[in-house]
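In the working numbering, the protein residues as written are 11 to 204.
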């Protein structure tokens with residue numbers, strides 16, 4: 011079996027950008043769903059927030075290499091601003107830090123694990139890093155204490171489920187169909203790692 015290159019290849023970057031473009035469109039469309047949940051109250055919309063962390067985790071699970079998660083999330087955030095038709099600094103900040111949070115988790119596992127718990131930890135890390143950014147931009151500062159707790163709990167659950175478990179299941183399904191073999195040959199070790 012040929013040994014995989016450690017650094018990013020042009021193919022890795024192109025696949026990551028493709029993943030990012032797909033999620034940039036999804037991120038932009040997701041706003042409608044997120045806003046539709048807001049009138050329900052009690053920060054129910056926060057249960058859907060993890061969707062904005064998913065690109066980093068999907069890209070890493072597809073191509074487990076250093077830098078992929080950061081590149082994917084930042085490119086998806088940049089693509090989202092293009093799709094919105096406006097330059098939005100907070101979106102760039104969120105994307106950069108969320109991608110970095112995921113990247114740190116993957117680095118802790120030395121870019122060798124594609125296990126569901128690694129994906130869950132990355133989704134959780136992205137959710138955690140998004141909270142102080144929300145506070146800085148004033149999205150949480152006007153909320154009562156008990157309401158902030160609900161906000162945080164729902165955001166963390168969303169990071170775990172939508173940015174951890176869902177990407178894991180998605181990439182596992184793509185691996186099983188053979189789609190990912192186009193850019194990452196799957197071996198028995200890959201399947202065992204899942």
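By construction, the Cβ of each residue, glycine as well, lies at the ideal position given by its N, Cα and C atoms.
Looking at C-alpha atoms only, which residue of the options is the closest neighbour of residue i?
i, options, result
"residue 173", "155, 49, 127 and 103", "127"
"residue 190", "20, 17, 18 and 29", "29"
"residue 61", "132, 185, 154 and 77", "132"
"residue 52", "163, 118 and 182", "163"
"residue 31", "114, 68 and 56", "68"
"residue 33", "86, 92 and 167", "86"
"residue 19", "50, 73, 39 and 105", "73"
"residue 178", "167, 124 and 58", "124"
"residue 77", "91, 109, 55 and 59", "109"
"residue 64", "145, 49 and 81", "81"
"residue 27", "145, 165 and 90", "90"
"residue 117", "187, 22, 75 and 55", "75"
Count the other CB atoms within 10 Å of the CB of residue i; is the residue buried (16 or more) or exposed (fewer)?
i, result
"residue 147", "exposed"
"residue 156", "exposed"
"residue 12", "Any reading at residue 12 must be qualified, since the residue scores a pLDDT of 40, below 50, and its modelled position is unreliable; the value itself is stated next. Exposed, since its Cβ has fewer than 16 Cβ neighbours within 10 Å."
"residue 120", "exposed"
"residue 79", "buried"
"residue 59", "buried"
"residue 144", "buried"
Since residue i and residue j are thought to touch, with beta carbons under 8 Å apart, how far apart are those beta carbons, to the nearest angstrom?
i, j, result
"residue 180", "residue 129", "Actually they are not in contact, since the Cβ atoms of residue 180 and residue 129 sit about 10 Å apart, beyond 8 Å."
"residue 111", "residue 93", "Going by Cβ atoms, the distance from residue 111 to residue 93 rounds to 23 Å, so no, they are not a contact pair."
"residue 161", "residue 153", "6 Å"
"residue 138", "residue 107", "Going by Cβ atoms, the distance from residue 138 to residue 107 rounds to 10 Å, so no, they are not a contact pair."
"residue 167", "residue 57", "6 Å"
"residue 66", "residue 88", "Between residue 88 and residue 66 the Cβ distance is about 13 Å, and since that is not below 8 Å, they are no contact."
"residue 169", "residue 134", "5 Å"
Determine the DSSP secondary structure at residue i, reduced to helix, strand or coil.
i, result
"residue 73", "coil"
"residue 153", "coil"
"residue 182", "helix"
"residue 140", "helix"
"residue 104", "helix"
"residue 145", "helix"
"residue 59", "helix"
"residue 196", "For residue 196, the predicted model reports a pLDDT of 49, less than 50, meaning its position is unreliable and no value from the coordinates is stated."
"residue 97", "coil"
"residue 119", "coil"
"residue 133", "helix"
"residue 48", "helix"
"residue 16", "coil"
"residue 169", "helix"
"residue 174", "helix"
"residue 188", "coil"
Checklist entry - Is it a yes or a no for the region 42–60 touching the region 94–108, going by three-plus beta-carbon pairs under 8 Å? => result no
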